[in-house]
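Colleague: Residue numbers (our numbering), protein chains in the order written: chain F, 68 to 472; chain V, 12 to 389.
We put the CB at the ideal spot given by N, CA and C, even for glycine.
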């Protein structure tokens, strides 16, 4: 493959920084976005000043107060962050059309061949940082490398307000000394398992034979092997029309209790449904994904008789698929995900005999409007109530959700 | 038991009762077919407990008797035999049926006929008689609209209202409604409404032979079973219990646009559009435009589009009365109804894009088909 140059651009302490721009008094102080400290909830974002006290996102607010009583706690406003994100992406799009946003505050940019426009890629990165700073008052950290995984690790490593360029051929040397949890895709569980076999740094991981990793982690072992060696052939793919929408989450602890699994499935279904409606699409196929405690992963799909964008229909189908799967395989569940595909323009067969579907639709639209204004967790269905403690106040938080296109 | 019959008759008879043989069952004997001598005939019976079919064929009976044997096995064997005389015999105290034909001999292990589920006798109750031609057309024009999923059992059946010398058949699956009226050859003594399983009527339609003119129908007094009596065949079926929706109020009484169009052209344009509608829930869009004066006729365009495949527009001449109309349907529903009509033209009546459309054949007033449109963004 020809040499590529990719950039990973990541805004520093995004939610907090947006708040600090609106209220300069917050600058230089420990600030936490996530809600009032006397309520239950988790830290969505913490300023670097607060991080100095050991605060980090996904930490319970109560713990945050104990560690840093003088911190300023703000509830935060999702629409504000979305607006700031839109401006940020627009600036990036001015630099290269090959833009792949990841969530609100980070993006990959393929800048292969853009040297001549800016003198060098390094200068181009500085120009991006400058525009983001001048136009938005925000700080961006940038990693430059020949592949996605190294660019992302570099931008992370450079924070705050950093810029690191990893020249071609030096990827392995750059990654080697870093702790394994710095490698994207390695969560708490994987980290523990790797430490269990004596692997602490990315360099050590890169030396583990591919066969051994595969026997430990299955298909993802191969990805770990390549990434730790600085090899990653994924392209920067502009979002375009989504062909499918899915959300998944890994549990802190493997779960076998049906109520909790169903609550999580309901939550993820609502996320998917809300995404579908936001995009003005409907889906015909629902896919459930389960990863069991022993890392075997299954997907089960069902094609609906007609397209839907209703949370209820997605959940009902998912729950049926899950019950069937769990009846066959009695193992705790490590990861659960639900997705929809076969997307089509919204349409609905109107019903001659009973108009119950219409009320469901109105309900979903009303919930969407409330969530648009006040954030996703502003309104919950009863079934997801048991998830309160891990329900993210906004998009961040302990509840890792991944969207695939 | 000892008898002989022709291979053709036995083969045809097994075909007739075969459709009532249970497919998946918890009662294994319903996989069998009952063979019993009945005076100078051989009676073949199969049942899946919802429906039972009995069929009689001519036979030369030497010894009375009865036995049940696996239906599929016997049917496959008999259908492979040459066209010749078939001898069936069951030695006394044996459960093994011996079948011989030409130089073939088979022994088939059977189960005692005493263990076969009793076939309900429906002799008393409401009696009537219908001309086969009328019933066949009626069944054909409504039965496709029954619900295939079981979530509302009453909708898996066809509502049959016997009143005076009129039979009204109605089927609905939640998205469409088909209503057909036909005359009874013998009036009923009292108004009777029953729900006949769609599968039963589909079988009746298959069983009514070309050589038959009338069919006798009996509903038992507590309206739990119905008997269809044909020349050599009887079909007894359970009736669906429950209340069929009050459908007459679902048929729109007025419309803002009336389109008269040729059935074959309408069908062709809908089929063509449906090819492009496969990945989009089968949506076909209809736009009816009135003619601009006496000299120009109106037209109707039928289109479909797929984000991935492309799109298609078909145009046909039509007499359009009233306002221009835009309405979208699941193409399958339109194809289903147009395919069963015998008349040359239909009238399509619409009110607005989210109100039911009504299709009626031109020239007769005994059939009404109501289809709910699809909500789409135009």
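By how many angstroms is the C-alpha of residue 60/V removed from the C-alpha of residue 333/V?
Modeller: The residue given as residue 333/V occupies position 322 in the second chain. The residue given as residue 60/V occupies position 49 in the second chain. Cα to Cα, residue 333/V sits roughly 52 Å from residue 60/V.
Colleague: Alpha carbons only, please: which of 369/F, 379/F and 319/F is nearest the one belonging to residue 338/F?
Modeller: Looking up residue 338/F in the first chain gives position 271. Out of 369/F, 379/F and 319/F, 379/F has the C-alpha closest to the C-alpha of residue 338/F.
Colleague: Between the C-alpha atoms of residue 106/V and residue 96/V, what's the straight-line distance to the nearest angstrom?
Modeller: As a first step, residue 106/V is located in the second chain; it is residue number 95 there, counting from the start. As a first step, residue 96/V is located in the second chain; it is residue number 85 there, counting from the start. The straight-line gap from Cα to Cα measures roughly 22 Å.
Colleague: Look at the alpha carbon of residue 472/F and the alpha carbon of residue 313/F, and state the distance between them as a whole number of angstroms.
Modeller: On the first chain, position 405 is the one that residue 472/F refers to. On the first chain, position 246 is the one that residue 313/F refers to. The predicted model places residue 472/F with a pLDDT of 33, which falls under 50 and marks its position as unreliable; any figure quoted below should be read in that light. For residue 472/F and residue 313/F, the distance between alpha carbons rounds to 8 Å.
Colleague: Per DSSP, what are the beta-bridge partners of residue 369/F in this structure?
Modeller: Residue mapping note: residue 369/F aligns to position 302 of the first chain, counting from 1. BP columns for residue 369/F point to 353/F.
Colleague: Does residue 468/F come within less than 8 Å of chain V when only Cβ atoms are used?
Modeller: Working through the first chain from its first residue, we reach residue 468/F at position 401. Bear in mind that the predicted position of residue 468/F carries a pLDDT of just 40, short of 50, making it unreliable; the figure below should be weighed with that in mind. False, the Cβ-Cβ gap to chain V never drops below 8 Å.
Colleague: Got a sec? Which residues, its chain only, sit under 8 Å from residue 71/V by beta carbon, not counting five neighbours each side?
Modeller: Looking up residue 71/V in the second chain gives position 60. Closer than 8 Å at the Cβ level, and outside the excluded window around residue 71/V, lie 14, 15, 16 and 51.
Colleague: Can you give, in chain order, each stretch of the alpha helix (DSSP H) that sits fully within the region 236–293 of chain V and has at least 4 residues?
Modeller: 274–287
Colleague: Quick check on the burial criterion: 16 or more other C-beta atoms within 10 angstroms. Buried or exposed for residue 333/F?
Modeller: Counted from its first residue, the first chain places residue 333/F at position 266. Buried, because 16 or more other Cβ atoms sit within 10 Å of the Cβ of residue 333/F.
Colleague: Quick check: is the beta carbon of residue 472/F nearer than 8 Å to any beta carbon in chain V?
Modeller: Locating residue 472/F in the first chain gives position 405, counting from the first residue. Residue confidence is low: residue 472/F scores 33 on pLDDT, short of 50, so the model does not pin down where it sits. Its coordinate-derived value is still stated next. Answer no: the Cβ-Cβ gap between residue 472/F and chain V never drops below 8 Å.
Colleague: Three-state secondary structure (DSSP) at residue 222/V?
Modeller: Translated into the one-based positions of the second chain, residue 222/V becomes position 211. Three-state result, residue 222/V: coil.
Colleague: Return the CA-CA distance between residue 386/V and residue 266/V, expressed in angstroms with no decimal places.
Modeller: Here residue 386/V refers to the residue found at position 375 when the second chain is read from its first residue. Here residue 266/V refers to the residue found at position 255 when the second chain is read from its first residue. Approximately 18 Å, taken between the alpha carbons.
Colleague: Tell me whether residue 295/F is buried or exposed, calling it buried when 16 or more other Cβ atoms sit within 10 Å of its Cβ.
Modeller: As a first step, residue 295/F is located in the first chain; it is residue number 228 there, counting from the start. Only buried fits residue 295/F, as 16 or more other CB atoms lie within 10 angstroms of its CB.
Colleague: Within its chain, find whatever has a CB closer than 6 Å to the CB of residue 461/F; leave out the 5 residues flanking it on each side and keep chain order.
Modeller: Residue mapping note: residue 461/F aligns to position 394 of the first chain, counting from 1. Per-residue confidence for residue 461/F stands at a pLDDT of 45, beneath the threshold of 50, marking its modelled position as unreliable; the derived number appears in the next sentence. Around residue 461/F: 111, 145 and 442.
Colleague: Going along the chain, which residues of its own chain have a beta-carbon closer than 7 Å to the beta-carbon of residue 72/F, five neighbours each way excluded?
Modeller: Your numbering for residue 72/F matches position 5 in the first chain. The answer, listed in chain order, is 178, 179, 188, 211 and 213.
Colleague: Under 8 Å, Cβ to Cβ, is there at least one residue of chain F near residue 294/V?
Modeller: Locating residue 294/V in the second chain gives position 283, where the first residue counts as 1. Interface residue, yes.
Colleague: Pull up the distance between the alpha-carbon of residue 282/V and that of residue 276/F, whole angstroms please.
Modeller: Position 271 of the second chain, counted from the first residue, corresponds to residue 282/V. Position 209 of the first chain, counted from the first residue, corresponds to residue 276/F. The straight-line gap from Cα to Cα measures roughly 58 Å.
Colleague: Would you report the Cα separation of residue 87/F and residue 115/F, rounded to the nearest angstrom?
Modeller: Within the first chain, residue 87/F is the residue found at index 20, counting from 1. Within the first chain, residue 115/F is the residue found at index 48, counting from 1. Roughly 12 Å between the two C-alpha positions.
Colleague: Just mark residue 336/F as buried or exposed, buried being the case when its beta carbon has 16 or more other beta carbons within 10 Å.
Modeller: Start at 1 with the first residue of the first chain, and residue 336/F comes out as number 269. Classification of residue 336/F: buried, given that the 10 Å Cβ count is 16 or more.
Colleague: Short of 6 Å in beta carbon distance, which residues of its chain neighbour residue 101/V, apart from the five on each side in sequence? Order them along the chain.
Modeller: Reading the second chain from its first residue, position 90 is the one you call residue 101/V. So the qualifying residues of the chain are 12, 76, 78 and 108.
Colleague: Measure the alpha-carbon distance for residue 288/F versus residue 212/V and round it to whole angstroms.
Modeller: Here the question's residue 288/F lines up with position 221 in the first chain. Here the question's residue 212/V lines up with position 201 in the second chain. Going by the C-alpha atoms only, they are around 59 Å apart.
Colleague: If contact means a Cβ-Cβ distance below 9 Å, which residues of the region 414–442 of chain F contact chain V?
Modeller: Close to chain V, meaning a Cβ-Cβ distance shorter than 9 Å, are the following residues of the region 414–442 of chain F: 414, 415, 416, 417, 418, 419, 420 and 421.
Colleague: What whole-angstrom Cβ distance do residue 372/V and residue 352/V have, given they're in contact under 8 Å?
Modeller: Counting from one through the second chain, the residue named residue 372/V turns up at place 361. Counting from one through the second chain, the residue named residue 352/V turns up at place 341. Indeed, because the Cβ distance is near 5 Å, the residues count as touching under 8 Å.
Colleague: Going by beta carbon distance, what residues of the same chain come within less than 7 Å of residue 285/F, once the five residues before and after it are set aside?
Modeller: Taking the first chain and counting its residues from 1, one reaches residue 285/F at position 218. Same-chain partners within the cutoff: 362.
Colleague: Determine the direct distance from the alpha carbon of residue 327/V to that of residue 177/V, and round the result to whole angstroms.
Modeller: Along the second chain, read from residue 1 onward, the residue named residue 177/V stands at position 166. Along the second chain, read from residue 1 onward, the residue named residue 327/V stands at position 316. Rounded to whole angstroms, residue 177/V to residue 327/V spans 37 Å at the Cα level.
Colleague: With a cut-off of 8 Å, does the C-beta of residue 329/F fall near any C-beta of chain B?
Modeller: Absence of chain B from the displayed structure is noted, the protein chains being F and V.
Colleague: Taking Cβ-Cβ distances shorter than 7 Å, what residues in chain F pair up with residue 320/V?
Modeller: Start at 1 with the first residue of the second chain, and residue 320/V comes out as number 309. Ordered by position in chain F, no residue passes the 7 Å Cβ test against residue 320/V, which lies about 12 Å from the chain.
Colleague: First and last residue of the alpha helix (DSSP H) that includes residue 148/F?
Modeller: Translated into the one-based positions of the first chain, residue 148/F becomes position 81. Unbroken alpha helix (DSSP H) run through residue 148/F: 145–162.
Colleague: Anything in chain F within Cβ reach of residue 325/V, meaning under 7 Å, just list it in chain order.
Modeller: Start at 1 with the first residue of the second chain, and residue 325/V comes out as number 314. By Cβ distance, chain F contributes nothing, its closest Cβ being about 20 Å from residue 325/V, past 7 Å.
Colleague: Return the CA-CA distance between residue 133/F and residue 80/F, expressed in angstroms with no decimal places.
Modeller: Locating residue 133/F in the first chain gives position 66, counting from the first residue. Locating residue 80/F in the first chain gives position 13, counting from the first residue. C-alpha separation (whole angstroms): 21 Å.
Colleague: For a contact meaning CB atoms closer than 8 Å, what does residue 412/F contact in chain V?
Modeller: Taking the first residue of the first chain as 1, we reach residue 412/F at position 345. Per Cβ cutoff of 8 Å: 291, 318, 387 and 388.
Colleague: Counting only Cβ pairs nearer than 7 Å, list the residues of chain F close to residue 256/V.
Modeller: What you label residue 256/V is simply residue 245 of the second chain in a count that begins at 1. 420, listed in chain order.
Colleague: In this structure, how does DSSP classify residue 559/F when only helix, strand and coil are distinguished?
Modeller: As displayed, chain F neither begins before 68 nor continues past 472, which places residue 559/F out of reach and without an answer.
Colleague: Are at least three pairs of beta-carbons, each pair with one atom in the region 221–229 of chain F and one in the region 195–212 of chain F, less than 8 Å apart?
Modeller: yes
Colleague: Please work out which residues of its chain come closer than 7 Å, Cβ to Cβ, to residue 165/F, disregarding the five sequence neighbours upstream and downstream, and give them in chain order.
Modeller: For the purposes of this step, residue 165/F is taken as the residue at position 98 of the first chain. The answer, listed in chain order, is 176, 177, 303 and 305.
Colleague: Contact check, residue 254/V vs residue 165/V under 8 Å by CB: the rounded distance?
Modeller: Counting from one through the second chain, the residue named residue 254/V turns up at place 243. Counting from one through the second chain, the residue named residue 165/V turns up at place 154. Rounded, the Cβ-Cβ distance is 7 Å, consistent with contact.
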